[in-house]
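First to last, the sequence lines map onto chains P and E.
The numbering of the first sequence is this note's numbering, which starts it at 59 and goes up by one.
The numbering of the second sequence is this note's numbering, which starts it at -2 and goes up by one.
Just so you know, even glycine gets a beta-carbon here, dropped at the ideal spot from N, CA and C.
All of these numbers come straight from a predicted model, not from anything done at the bench.
One structure is given below, encoded as structure tokens.
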Amino acid sequence: AQRVTQPEKLLSVFKGAPVELKCNYSYSGSPELFWYVQYSRQRLQLLLRHISRESIKGFTADLNKGETSFHLKKPFAQEEDSAMYYCALAGAQKLVFGQGTRLTINP
Amino acid sequence: NAGVTQTPKFQVLKTGQSMTLQCAQDMNHEYMSWYRQDPGMGLRLIHYSVGAGITDQGEVPNGYNVSRSTTEDFPLRLLSAAPSQTSVYFCASSYSSHREAFFGQGTRLTVV
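What follows is the structure in structure tokens.
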């Protein structure tokens, strides 16, 4: 079975502080992991995927197969990063999401 | 380019009524899916389709039916609405489950 766990429902940090959103997964095969973001009054959209190994809007995420984690990190948070973040796992035919973390960046 | 279009945006139903949420995409994507979004529960997969004529159940399929007669359309039917189906529903499409998913703007459904 595929399962994604995001342990933090809410995360609040100050502008300029580092941010880490946690994501753990369970899957017996070779997973593909994604981070999606939903800004206020906008559609859910892809932020990044582990295969591309790129940094988007200053965010990075490394797939750790040993710890079955795919944490999202940014060294210096900006106010425009405030949004809902979802970790997602693509298995054989399904794309499943975690519970989501609402990130608030305080000025 | 319209992308993924969901209708309606808002709907109020009485318990026991039926309705169909519409989803259409113009990107020639084979993979389409329906999710419901509830506070603290995240996005939960209801049903998905890997191509026209093929559908399968997701994590929370009970109370919902789908069909995929064309590549473009993937309607979600509520046969007998219940208050527990009050939620925001999202349709998504992609070339496959492993590729970037594009989402509709959502349908906010309230069952009273």
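Query: Using a Cβ-based criterion (distance less than 7 angstroms to any ligand heavy atom), does tyrosine 92(E) qualify as near the ligand COA?; Result: Among the components of this structure there are no ligands whatsoever, and the ligand COA is therefore not found.
Query: Would you mind working out which of Cys88(E), Tyr92(E), Lys6(E) and Phe100(E) sits nearest glutamate 27(E), comparing C-alpha positions?; Result: Tyr92(E)
Query: Can you give, in chain order, each stretch of the beta strand (DSSP E) that sits fully within the region 15 to 94 of chain E and has at least 3 residues?; Result: 16 to 22, 28 to 35, 39 to 48, 51 to 54, 61 to 63, 73 to 75 and 84 to 91
Query: Checking contacts by CB at 8 angstroms: is leucine 130(P) closer than that to chain E?; Result: no
Query: At a Cβ threshold of 8 angstroms, is phenylalanine 117(P) touching chain E?; Result: no
Query: Got a sec: is the Cβ-Cβ distance from glutamate 2(P) to anything in chain E below 8 angstroms?; Result: Absent from the model: residue 2(P). The displayed extent of chain P is 59 to 165, so no value can be given.
Query: As a quick exercise: from Val85(E), Gln34(E) and Phe71(E), pick the residue whose alpha carbon is nearest that of cysteine 7(E).; Result: It is worth fixing the name first, because residue 7(E) is phenylalanine in this sequence and not cysteine. Per the Cα distances, Val85(E).
Query: According to DSSP, simplified to helix, strand and coil, what is glutamate 138(P)?; Result: helix
Query: Which first and last residues belong to the beta strand (DSSP E) in which glutamate 78(P) is found?; Result: 77 to 79
Query: Just to confirm the assignment, what range does the beta strand (DSSP E) spanning valine 95(P) have?; Result: 90 to 96
Query: Would glutamine 22(E) and glycine 0(E) qualify as a contact pair, given that the criterion is a beta-carbon distance under 8 angstroms?; Result: yes
Query: Taking the straight line between their C-alpha atoms, what separation do you get for valine 77(P) and threonine 118(P)?; Result: 11 angstroms
Query: Decide if aspartate 139(P) is buried, meaning its Cβ has at least 16 other Cβ atoms within 10 Å, or exposed.; Result: buried
Query: Do you know whose CA, among Arg96(E), Val47(E) and Leu42(E), lies nearest serine 110(P)'s CA?; Result: Arg96(E)
Query: Starting from alanine 148(P), find everything on chain E with Cβ-Cβ shorter than 7 angstroms and list it in chain order.; Result: Ser94 and His95
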